[in-house]
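Contents: one structure, followed by commentary.
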């Protein structure tokens, strides 16, 4: 039965949902496209979902009293928190990942799902979500900011005693075969673990041993067997590595280089197809790639988890 106030009118809810999912349990839940379509069928379903996963405040206080969750058409989502004492209203997005946007939450949730789970071209996402190019580009940049924060907090370590790691450099986003406008491009040092395909991609200003060695020591565990491409850049690395790593030439080992080549092709083709990458955002593309590799089993709810971690409400 609905609780009544003194004038006989229904009291405004003081909570959006009865229970918030524990942060540690988020990644255990999986959502299909059909599930997301149900969650975004109307604004109330979307708000309940976002509150339940901890991306919106589930309750708010003002004047030492719980605010009511009410309909308020002047707000972009048509809902707001209302204080019955001071008569003030507050956006349901306050202090959240969505606080600086006026795009309806249903569309933003759809956009998160398409970006994390379907990875379609921007033109397809525009048709499906109903957002323009500028809005999608801006939000994709915000999404990659979350990936960047994760990469900074979780520097990848690969290899280990007896584990083989291929390392090589490759140039990204430069003009090939003298076609098109000249672009300088970016040199990337790639390190790929052969068995697991765990990888680390780091932009480098040059290919000198003095530049490469500190990066390798930072990301590759002691005892790792590093397979190089025989480039002269690596000739002095073994004597500088204090014997904590084993270096060998791929030709001497008589094994192919498919691990690193496959990683290069995966990165280059993906971003050329999806984004037509910008030089200024190049490092964020690599951070997104690294984040996706680690969270590939449940990218949508993993992303929800890290939004909640970096944008607590």
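Numbering (the numbering used here), first residue to last: 3 to 315. Glycine included, each C-beta is placed from N, C-alpha and C at the ideal position. Just so you know, these numbers come straight off a predicted model, no measurement behind them.
Would you tell me roughly how many angstroms separate the C-alpha atoms of residue i and residue j, rounded to the nearest one?
i: residue 91; j: residue 82; result: 6 Å
i: residue 210; j: residue 193; result: 16 Å
i: residue 225; j: residue 219; result: 11 Å
i: residue 112; j: residue 131; result: 6 Å
i: residue 308; j: residue 157; result: 16 Å
i: residue 154; j: residue 116; result: 25 Å
i: residue 296; j: residue 290; result: 10 Å
i: residue 248; j: residue 287; result: 30 Å
i: residue 41; j: residue 51; result: 7 Å
i: residue 44; j: residue 37; result: 13 Å
i: residue 196; j: residue 162; result: 12 Å
i: residue 118; j: residue 137; result: 17 Å
i: residue 221; j: residue 143; result: 26 Å
Determine the closest residue to residue i out of the options, with distance taken between C-alpha atoms.
i: residue 96; options: 59, 164, 288; result: 59
i: residue 76; options: 63, 51, 104; result: 104
i: residue 109; options: 123, 284, 134; result: 134
i: residue 16; options: 85, 26, 314; result: 85
i: residue 26; options: 157, 306, 198; result: 306
i: residue 64; options: 149, 88, 35; result: 88
i: residue 139; options: 125, 42, 152, 61; result: 125
i: residue 141; options: 299, 99, 196; result: 99
i: residue 229; options: 166, 35, 217, 221; result: 166
i: residue 314; options: 24, 20, 212; result: 24
Which residues in the same chain have their Cβ closer than 8 Å to the Cβ of residue i, if we skip the five residues on either side of it in sequence?
i: residue 49; result: 18, 58, 79, 81, 94, 107
i: residue 250; result: 227, 228, 229, 230
Check whether the Cβ of residue i sits closer than 8 Å to any heavy atom of the ligand ZN, and report yes or no.
i: residue 157; result: Ligands in the displayed structure: none, and consequently the ligand ZN is not present.
Taking all protein chains shown into account, do 16 or more other C-beta atoms lie within 10 angstroms of the C-beta of residue i, making it buried, or fewer, making it exposed?
i: residue 208; result: exposed
i: residue 258; result: Model confidence at residue 258 stands at a pLDDT of 47, short of 50, so the residue's coordinates are unreliable; what they give is reported in the following sentence. Result: exposed.
i: residue 73; result: exposed
i: residue 123; result: exposed
i: residue 129; result: exposed
i: residue 168; result: buried
i: residue 34; result: exposed
Tell me which same chain residues have a C-beta within less than 6 Å of the C-beta of residue i, skipping the five on either side of it?
i: residue 101; result: 95
i: residue 2; result: As shown, the chain starts at 3 and ends at 315. That puts residue 2 outside it, with no answer to give.
i: residue 56; result: 22, 310
i: residue 47; result: 41
If you check the beta carbons only, do residue i and residue j fall under 9 Å apart?
i: residue 120; j: residue 145; result: no
i: residue 214; j: residue 159; result: no
i: residue 292; j: residue 201; result: yes
i: residue 227; j: residue 164; result: yes
i: residue 150; j: residue 61; result: no
i: residue 312; j: residue 148; result: yes
For residue i and chain D, any beta-carbon pair shorter than 9 Å?
i: residue 111; result: Checking the listed chains, one finds no chain D in this structure; it contains a single protein chain.
Under 7 Å Cβ to Cβ from residue i, same chain only, skipping five residues before and after it: list those, please.
i: residue 294; result: 301
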